[in-house]
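Read the structure below first, then the notes.
2 protein chains.
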Amino acid sequence: MSTKRSPARRPTMKDIARRAGVSESAVSFALNGRPGVSEATRARVRRVAEQLGWRPSTAARALSGEGVATVGFVLARPAHTLGVDSFFLQLVSGIQEVLAERHLGLLFQMAEDVGDECGVYRRWWAEHRVDGVLVADPRAEDPRPGLLDELGLPAVVIGGAPDERHPGPSTVWADDAGAMASVVDELVALGHRRIVHIAGPPDLAHTRRRIATLRAEAEGRGLTEVRSVTTDYSDAEGAAVTRRVLGGAHPPTALVYDNDVMTVAGVAAAAELGLRVPQDVSVVSWEDSALCRLVTPQLSALSRDSAEFGRTAARELLALLDGGPARTVRVPVPRLIERDSTAAARSG
Amino acid sequence: MSTKRSPARRPTMKDIARRAGVSESAVSFALNGRPGVSEATRARVRRVAEQLGWRPSTAARALSGEGVATVGFVLARPAHTLGVDSFFLQLVSGIQEVLAERHLGLLFQMAEDVGDECGVYRRWWAEHRVDGVLVADPRAEDPRPGLLDELGLPAVVIGGAPDERHPGPSTVWADDAGAMASVVDELVALGHRRIVHIAGPPDLAHTRRRIATLRAEAEGRGLTEVRSVTTDYSDAEGAAVTRRVLGGAHPPTALVYDNDVMTVAGVAAAAELGLRVPQDVSVVSWEDSALCRLVTPQLSALSRDSAEFGRTAARELLALLDGGPARTVRVPVPRLIERDSTAAARSG
DNA sequence: GATGCTTGCTAATGCGCTTGAGTGTCAAGA
DNA sequence: TCTTGACACTCAAGCGCATTAGCAAGCATC
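Here the protein sequences line up with chains A and B, keeping their order.
Anchor point for the first sequence: position 337 equals 337 in my numbering, and the numbering is continuous, going up by one each time.
Take any residue in the second sequence, note its place counting from 1, add 348, and you have its number in my numbering.
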């Protein structure tokens, strides 16, 4: 006699109705807090539901037009550029925290590129899988907001810049401009005049924003030897670009990297060239993570609360799902944490 | 005249039926490849469905007993221990890859602890949200397999040891024993006799397995000064334990860490004590990641294909959902990649 | 020429839930 | 006393799909 799996039937409203001696509609009213039942009945129904461990079937709910209590999140970055970077895990962790309070599910998917990602949205919409989505890594000429609007899928763009021209979906963003300004302030105060910004992929909106801001900051201070170089975020390119700029004529005395992995790779590349950090060259990572504290020297980095970023985005999406208006909200400006990778520029 | 969002109605089988001039049932037969319609009709219906961009509503499908085409994955680890560790992202990436082929969704959730995780499973089951789940970080006395069996939720345990006593759910696992043996082999060949294993949390099944294997290996070789110390996987504990064992009497000449973060922290801690890696002490990380290649010295590490691990687990779950039997499959043994953190033991 | 069988389709039912349209009861107002 | 109307509840329809039963036509069998 094998211990055959007992099917463990899912309780339904019908079961509750039978036990409580009322109709299914009454159960529905009682459980959803709408008028139409006495408080006594409501309490009784609630008790029975509790006893039975009843939970509404999302499928049935969705079918009767209530939404599927799920939001989607697509990540369209090659896995290798995510390797060490803790940003997304922290972000998702924050998103979860807010969604879980309302018992909303998070449907997660990785995609090859933005085109692929759009396909996922279309499918999710057609299959009625999500009530809304969180969009990461906004780009210049991004097709996603338009598509999502067309599909009528509520969306919150994470890290997007507010776009004055067409309002579009909700947006949560950090003020990269302010952060970049603080970094330049600090480096200039330390005497640095030649700065290279080793940026992320050029099609990312925030990469462009940072590059533009850096240029503006430099111009505002009359610095002529300040520039940005774009990369694919990988340690390999981070190292390669570092070798190139430090080995060239008029090498910079300070480097600003758009993520932690490239920063660490850059420090190693500098070491290969016989340059010490921070004595010969200062470096700043735009992304703070455990990595920045673990390596030697510890890296000065722009720190932000990625989990809080996620929480804010999730809350904004909830507001949208509750029928609220699209908004643009700002999370706190990343703060520069000075550790051991920045120092006064060598005179001369 | 505002550009009001056009509702963008989702096409249904009824729409297809109308356009193709057949009944809804015929559409269902045609699209699901079952007999009952002529090939001509089937082709026509398929064409119309394609034109309309139709996709089956998962809600409706689920309601008529077809499963929700979604699998769940819960992560019950504090976010800070996930920070740098790329294992989970790679794992999820691999899982995705396999699920996407079949258009299955991945419902992802983070939990506080295993108890919490069980609550998530219960809710998912009651809400009919998933067809099966992937279970990570198996533990000693793990309540999850039992619960999932009781609920009748197909499950694949990732990283579990095969349990001879009660067969339980499907399992994919790496042969930690073999890997540990190869590490000990190598360290002993380099002349190391005093080895400390800085392990993960003691309640994790694979931690226990590694500890047990190390003991067995040591006994088999007559090594008496080999031991394991458990931690919470954090860089802080990794550093603290490193300081303690290296500062004590009869300090080890080789350290094996259960993850990359602790290894890096340990190297830094050793440096503080004036010990150089690998001249004074050799270190090996059980987890290979970009981090291991980025730091100086580059870390010797056990490398495994985490994405492939995920793919295997996902494939096993698919097999289960297709009605296949529970199985125990093994992924390749992690290979020791020797970099610059291991060297011959100092004589004396 | 009635019977059975296959083919290609339609009609009807149900999954679990929400909801608009009733239904019966009781108390207050005309 | 009869009408209103609020209240507490039941009925039935419908969401999109799968599925079972049914049905008409065509064909072969005896």
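Yeah, the Cβ is synthetic: ideal placement off N, Cα and C, and Gly gets one too.
Computed from a predicted structure; not experimentally measured.
Check: Supposed contact pair B/LEU454 and A/PHE88 - C-beta distance, whole angstroms, cut 8 Å; Outcome: Contact doesn't hold; Cβ gap of about 15 Å is too wide.
Check: Interfacial residues, the region 253–274 of chain A to chain B, with Cβ spacing under 8 Å; Outcome: VAL261, VAL264, ALA265, ALA268 and ALA271
Check: Helix, strand or coil at B/TRP770 according to DSSP, with G and I counted as helix; Outcome: Nothing about residue 770 of chain B can be reported from this structure: the residues present for chain B run from 349 to 696 only.
Check: Within 8 Å of chain A by C-beta, residues of the region 643–669 of chain B in sequence order; Outcome: VAL643, THR644 and ALA655
Check: Integer Cβ distance of A/GLY160 from A/ALA111, believed to fall under 8 Å; Outcome: About 18 Å; that fails the 8 Å criterion.
Check: Which residues DSSP lists as bridging A/THR230, in chain order; Outcome: A/ALA199
Check: Contacts around A/MET180, its chain only, beta-carbon distance under 6 Å, and the 5 residues preceding and following it disregarded; Outcome: ARG210, THR213 and LEU214
Check: Stretch pair the region 655–670 of chain B + the region 528–546 of chain B: three plus CB contacts closer than 8 Å; Outcome: no
Check: DSSP-derived helix/strand/coil call for B/GLN457; Outcome: strand
Check: Backbone secondary structure at A/ARG327 - three-state DSSP; Outcome: coil
Check: Chain B within 9 Å of A/GLU237, Cβ atoms only; Outcome: no
Check: Separation of B/ARG641 from A/VAL349, as counted between CA atoms; Outcome: Because chain A spans 1 through 348 in this model, residue 349 of chain A falls outside it and cannot be assessed.
Check: Environment of A/ALA17 [buried if 16+ CB atoms lie within 10 Å]; Outcome: buried
Check: Contact belief for B/ARG477 with B/THR572 at Cβ below 8 Å, rounded distance in angstroms; Outcome: 53 Å between Cβ atoms; not a contact.
Check: Neighbouring residues, chain A, relative to B/MET458 (Cβ below 7 Å); Outcome: SER93 and GLN96
Check: Cβ separation of A/ALA268 and A/ARG243, assumed to be a contact under 8 Å, to the nearest whole Å; Outcome: No, A/ALA268 and A/ARG243 are not in contact; Cβ-Cβ is about 10 Å, not under 8 Å.
Check: Distance CB(B/TRP521)-CB(B/VAL679) smaller than 9 Å; Outcome: yes
Check: Which residues DSSP lists as bridging B/GLY480, in chain order; Outcome: B/VAL419
Check: Proximal residues to B/PHE377 (C-beta, below 6 Å), its chain only, five neighbours per side dropped; Outcome: GLY384 and VAL385
Check: Cβ contact check for the region 677–695 of chain B and the region 619–633 of chain B: 3 or more pairs under 8 Å; Outcome: yes
Check: Chain B within 9 Å of A/ALA290, Cβ atoms only; Outcome: yes
Check: Which of helix, strand or coil DSSP assigns to A/VAL277; Outcome: coil
Check: Contact with chain A by B/ARG392, beta-carbon distance below 9 Å; Outcome: no
Check: For B/SER648 and B/GLU635, the rounded distance between their alpha carbons; Outcome: 10 Å
Check: Proximal residues to A/LYS4 (C-beta, below 7 Å), its chain only, five neighbours per side dropped; Outcome: Note that A/LYS4 scores 45 on pLDDT, short of 50, meaning its location in the model is unreliable and no value can be drawn from it.
Check: Reduced DSSP category for B/VAL520 - H, G, I as helix; E, B as strand; rest coil; Outcome: strand
Check: DSSP-derived helix/strand/coil call for A/ARG304; Outcome: coil
Check: CB contact flag (A/HIS197, A/ARG221, <9 Å); Outcome: no
Check: Given 8 Å, three or more beta-carbon pairs between the region 316–334 of chain A and the region 665–677 of chain B; Outcome: no
Check: Counted within 10 angstroms of its Cβ, other Cβ atoms place A/ARG346 as buried (16 or more) or exposed; Outcome: exposed
Check: Contact check, B/ARG481 vs B/LEU501, beta carbons under 9 Å; Outcome: Per the sequence shown, residue 481 of chain B should be read as Val rather than Arg. Against a cut-off of 9 Å, the Cβ pair of B/LEU501 and B/VAL481 comes out as a contact.
Check: Residues, ordered as in the chain, of the region 7–30 of chain A that lie near chain B by beta-carbon distance below 9 Å; Outcome: PRO7, ALA8, ARG10 and PRO11
Check: Cutoff 6 Å; reference B/VAL446; Cβ partners in own chain excluding five residues on either side; Outcome: ARG659, ALA662 and ARG663
Check: Rounded C-alpha distance that separates B/LEU650 from B/ASP606; Outcome: 10 Å
Check: Short CB-CB distance (under 9 Å) between A/SER57 and chain B; Outcome: yes
Check: Sub-9 Å separation of B/VAL370 and B/VAL393 beta-carbons; Outcome: yes
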